[in-house]
Structures are given as C-alpha cells and as structure tokens.
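Student:
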Amino acid sequence: MQQAFIAIIIILLTIAVYIAMTKLYVRFSYPILIPVLTTTVAVIGLLLVFHVSYDQYMIGGKWINSLLGPAVVALAYPLYNQRKILVKYSLPIIGGVFAGLFSGMISGLLFAEVFGIDRDLILSIVPKSITTPVAIQIATGIGGVPSMTVVFVMVAGFSGVILGPKIMKWVRIRSYLGKGIAFGSASHALGTSKAFEYGELTVSMSSVSMTLCAVLGSVFGPIVVWIFHV
Amino acid sequence: MKAIRIILQIAILFAFSLIGEGVNNLLHLPVSGSIVGLILMLICLTFKIVPVKIVEDGASFLLSFLPLLFIPAMAGVMNYPALFSGNGLVLLLIVVLSTLVTMVAAGIASQMLENNANKGKENDECNKHLSQS
Chain A
10 MQQAFIAIII
20 ILLTIAVYIA
30 MTKLYVRFSY
40 PILIPVLTTT
50 VAVIGLLLVF
60 HVSYDQYMIG
70 GKWINSLLGP
80 AVVALAYPLY
90 NQRKILVKYS
100 LPIIGGVFAG
110 LFSGMISGLL
120 FAEVFGIDRD
130 LILSIVPKSI
140 TTPVAIQIAT
150 GIGGVPSMTV
160 VFVMVAGFSG
170 VILGPKIMKW
180 VRIRSYLGKG
190 IAFGSASHAL
200 GTSKAFEYGE
210 LTVSMSSVSM
220 TLCAVLGSVF
230 GPIVVWIFHV
Chain B
5 MKAIRIILQI
15 AILFAFSLIG
25 EGVNNLLHLP
35 VSGSIVGLIL
45 MLICLTFKIV
55 PVKIVEDGAS
65 FLLSFLPLLF
75 IPAMAGVMNY
85 PALFSGNGLV
95 LLLIVVLSTL
105 VTMVAAGIAS
115 QMLENNANKG
125 KENDECNKHL
135 SQS
C-alpha cells in the first residue's frame, strides 16, 4: 500500500517537473533547455537534495519506463503514414543509415584508441548510437560494460539533440529527410523525439533510421570490432 | 470516451511490445522486443491486419510525450558520478565527438543520395518532354 503511494507521488512529481520544463522550453526555446535534459537534471537534483536513491525513485519510475516499449511500437504509426515516401527514398535512407552506422562505430573506436581508453570501455562505446535495449545486448555480446553503454547511449542522445541542429546548419544538411536520418542514426529514440519539432516526415525518417540501425548494428557491431580487432 | 479509447489503444500497443518480447525470446533475435513489436505492427498496418483506426489515437497520444518516458532511464546516470570528472570527461568527449561525426556522415550521405534521386526524376521528366516534342 505504502509502495503504491510512493510510486504515485514519484510519477506525479516527474510529470509535473516535465510539464514545467516543457513550458520553459516553449517560452525560451534554447536547444540546451530541451525538456528531456532539464527534467533529468531537475529530477536528479531533487533526488540528491532529499536523499532518495535511484532504486527508490524507480519504484515509481519503472511505471513510466514500462511505457517505452509501447511507445517504440507506436512509432509504426508515423512510419505507416509516410510509407510511400519511405519506399520512394529507400536508397538515401539505406545509404545514410550505413554511413552513420559505420562512421559512428569506427570513429568511436578510433577516438577511444587515440585517448588510450581501456579495452572494455572502448567496447562499451561502440553501440552508443543505438537505442538502449539493443545497445545493451550488443555491448554484452562484444565484451563491453552494459551499464557504461547505457550512459554513453544517453550522452549520444543528448549531444545529437543539443548540438545537432547547429552542426547540421554548418555542414548544410538542409533537407528534412537528411535531418531525420541524421537524428535517428546518431541519437536513436531521443533524436526521434527531437525530430517531432520538424514534422512527420522527419519523424518517420528518424524512426526508420533508428530501427535500421538497431537491426543492422546487432549484425555489424561484432564484425566491426572483429575487423579492427580491438 | 476519448480517454477510454486512448487507454485501450495503448493496451494494444503494449500487447505488440509483449508479443515482440515473446518472439524475441523464442527466436533469440539480437534486437530488442519493442523493435520487433514495431516491425510486427508496421507489417500488420501495411497488410490491413490491424486497421489504423484502432491504434492512431493511442499512438499519437503516447508519442506526444515521448521525452517524458526517457526520464527514469536517464536519471540512472546519478549512479555514475565519476563520469563527470577527470577520465570520465574524456570518455564523454569521445562519445560527443563520435556522435557528431555520425550525424554529419548520415545526414550528408542521405542528402546527397536524395538530391541524386530527385535529379534522376527530373531527367526522366525532361526526357518525357523531349520524346513528346
């Protein structure tokens, strides 16, 4: 009974903070104020101030978390609406996804090698641009540390969402298709949530890229690691 | 009435995600259950096994606050305070740089191929005009 009470309070609190942060973002709309970042920071701040552990927070948090599965399934709806465009642009989609997938994994390996990072951490970086549940499986498969991978996936999500729009402007990625594929390939579901600011075409490009990256990453992740025999 | 419809539709989406999980466990696929669920749902919508009407409101509703659903997983970073000092910052820098490389590569490659595809179409249309004249 008490557990249920705690869970409800945590859920309501998280929603309240999220609504407040969304209002803030609508009001000022700086990229750094993206609600998913500000809400996370605010929630962590509250937990630290009130000495609540992450495990205690998850008594309520797990209920919100459990909606992620159906939300990923729900992405089939914008994909279905845009199915004609997806078929028409299948070549740019596949080309962009492959370019993103390989450059992401290889650049991660190379940068980590240059900075002299430990082997198990290097391997944890490889699947960072792939959606969390799949990234965990890939990391486990190639000998990385899954909990570190979760953090790297999150950082890949945030950096793409916050810095992405600026970088894409610099390198003149102007098309909605290109932006969507860039968001989905580099920043998975978080990038896809950002893509909603650009319209349904960008959302469906982003979600199809995220899905392809998850499927192809599971296959090519171990192969890339093997080729570069880290 | 609309609220009940949305809840029922989310239940359908939930069922697909669970079915995806089940298929995944059965076949030992290397992807996650929800991704399998997404693909199954897309197949069912395309072949009209599931009419769009019975998921569209639930899907739109759920996707309208997608970022909220990430918060609990994101807050897990509080268990890794070491990441935000010294060596941890180097790791984060690597991830940020590599992510930006990924974005640029994916964006530029797809935009180039898109322009090519559009150009091809225009040429076809030009040819059509030519053959007509």
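These protein sequence lines are chains A and B, in that order. Numbered per this note's numbering, the first sequence spans residues 10 to 239. Numbered per this note's numbering, the second sequence spans residues 5 to 137. In this text, a Cβ means the ideal position worked out from N, Cα and C, and glycines have one as well.
1) Alpha carbon to alpha carbon, what distance is there between residue 161 of chain A and residue 89 of chain B?
2) Return no unless some Cβ of chain B is closer than 8 Å to the Cβ of residue 253 of chain A.
3) Within 8 Å, do at least three Cβ pairs link the segment 74–81 of chain A to the segment 16–31 of chain B?
4) Taking the C-alpha atoms as reference points, what is the distance between residue 105 of chain B and residue 74 of chain B?
5) Alpha helix (DSSP H) containing residue 98 of chain A: first to last residue?
6) Within the 8 Å Cβ cut-off, does residue 70 of chain B reach chain A?
7) Rounded to the nearest angstrom, what separates residue 67 of chain B and residue 85 of chain B at their Cα positions?
8) Could you check which residue in B/109, B/122, B/113 and B/94 has the C-alpha nearest to that of residue 123 of chain A?
9) Could you work out which residue in A/127, A/77 and A/134 is closest to residue 117 of chain A when comparing CA atoms only?
10) Can you check whether the CB of residue 189 of chain A is closer than 8 Å to the CB of residue 170 of chain A?
11) Between residue 210 of chain A and chain B, is any beta-carbon pair separated by less than 8 Å?
12) Starting from the beta carbon of residue 163 of chain A, find every residue of chain B whose beta carbon is closer than 7 Å, and list them in chain order.
13) Return the Cβ separation of residue 230 of chain A and residue 151 of chain A in integer angstroms, given the expectation that the two are a contact with Cβ distance under 8 Å.
14) Give the residues of chain A in contact with residue 2 of chain B, contact being defined as C-beta atoms less than 7 Å apart.
15) Please classify residue 2 of chain B: is it buried, with 16 or more other beta-carbons within 10 angstroms of its beta-carbon, or exposed?
16) Nearest to residue 34 of chain A by alpha carbon, out of A/45, A/25 and A/126?
17) From residue 167 of chain A to residue 123 of chain B, what distance separates their C-alpha atoms?
18) Note down, one range per segment and in chain order, each beta strand (DSSP E) of at least 3 residues found wholly within the segment 132–220 of chain A.
19) For my contact list, residue 240 of chain A and residue 20 of chain A are in at a C-beta cut-off of 8 Å; report their separation, rounded to the angstrom.
20) How many angstroms separate the CA atom of residue 8 of chain A from the CA atom of residue 82 of chain B?
21) Just the chain A side, please: which residues come within less than 7 Å of residue 46 of chain B by C-beta, in chain order?
22) Residue 108 of chain B touches chain A at which residues, Cβ-Cβ below 7 Å?
23) Return helix, strand or coil for residue 35 of chain B, following the three-state DSSP convention.
Tutor: Quick look at the numbers:
1) One-based indexing of the second sequence puts residue 89 of chain B at position 85. One-based indexing of the first sequence puts residue 161 of chain A at position 152. The alpha-carbon atoms of residue 89 of chain B and residue 161 of chain A are separated by roughly 15 Å.
2) Residue numbering for chain A in the displayed model covers 10 to 239; residue 253 of chain A lies beyond these limits and cannot be assessed.
3) yes
4) By 1-based counting over the second sequence, the position of residue 105 of chain B is 101. By 1-based counting over the second sequence, the position of residue 74 of chain B is 70. Going by the C-alpha atoms only, they are around 24 Å apart.
5) The residue you call residue 98 of chain A lines up with position 89 of the first sequence. Here residue 98 of chain A belongs to no alpha helix (DSSP H), and DSSP marks it neither H nor E.
6) The count along the second sequence starts at 1 and reaches residue 70 of chain B at position 66. Chain A contact via Cβ: present.
7) Residue numbering aside, residue 67 of chain B sits at position 63 when the second sequence is read from its first letter. Residue numbering aside, residue 85 of chain B sits at position 81 when the second sequence is read from its first letter. One C-alpha to the other measures close to 31 Å.
8) If you number the first sequence from 1, residue 123 of chain A lands on position 114. It is B/94 whose Cα lies nearest to the Cα of residue 123 of chain A.
9) The residue given as residue 117 of chain A occupies position 108 in the first sequence. Closest option to residue 117 of chain A, Cα to Cα, is A/134.
10) Against the first sequence, residue 170 of chain A aligns to sequence position 161. Against the first sequence, residue 189 of chain A aligns to sequence position 180. No. Outside cutoff.
11) Indexing the first sequence from 1 puts residue 210 of chain A at position 201. So no, residue 210 of chain A is outside the interface.
12) As a first step, residue 163 of chain A is located in the first sequence; it is residue number 154 there, counting from the start. The answer, in chain order, is 78 and 81.
13) Along the first sequence, one-based indexing puts residue 230 of chain A at 221. Along the first sequence, one-based indexing puts residue 151 of chain A at 142. Indeed they touch by this definition, with Cβ atoms about 6 Å apart.
14) This structure does not reach residue 2 of chain B, given that chain B is present from 5 up to 137, and the question cannot be answered.
15) This structure cannot speak to residue 2 of chain B, because chain B is shown only from 5 to 137.
16) Here residue 34 of chain A corresponds to residue number 25 of the first sequence, with the count starting at 1. Considering only alpha carbons, the answer is A/45.
17) Position 158 of the first sequence, counting from 1, holds the residue named residue 167 of chain A. Position 119 of the second sequence, counting from 1, holds the residue named residue 123 of chain B. Straight-line Cα distance between these residues: approximately 35 Å.
18) none
19) Since the first residue shown for chain A is 10 and the last is 239, residue 240 of chain A is missing from the structure and cannot be characterised.
20) This structure leaves residue 8 of chain A out entirely; chain A is present only between 10 and 239.
21) Within the second sequence, residue 46 of chain B is the residue found at index 42, counting from 1. What residue 46 of chain B touches in chain A: 85, 88 and 89.
22) Within the second sequence, numbered from 1, the residue matching residue 108 of chain B stands at position 104. Within 7 Å Cβ-Cβ: 176 and 180.
23) Reading the second sequence from its first residue, position 31 is the one you call residue 35 of chain B. Looking at residue 35 of chain B - three-state DSSP - the assignment turns out to be coil, as it is neither helix nor strand.
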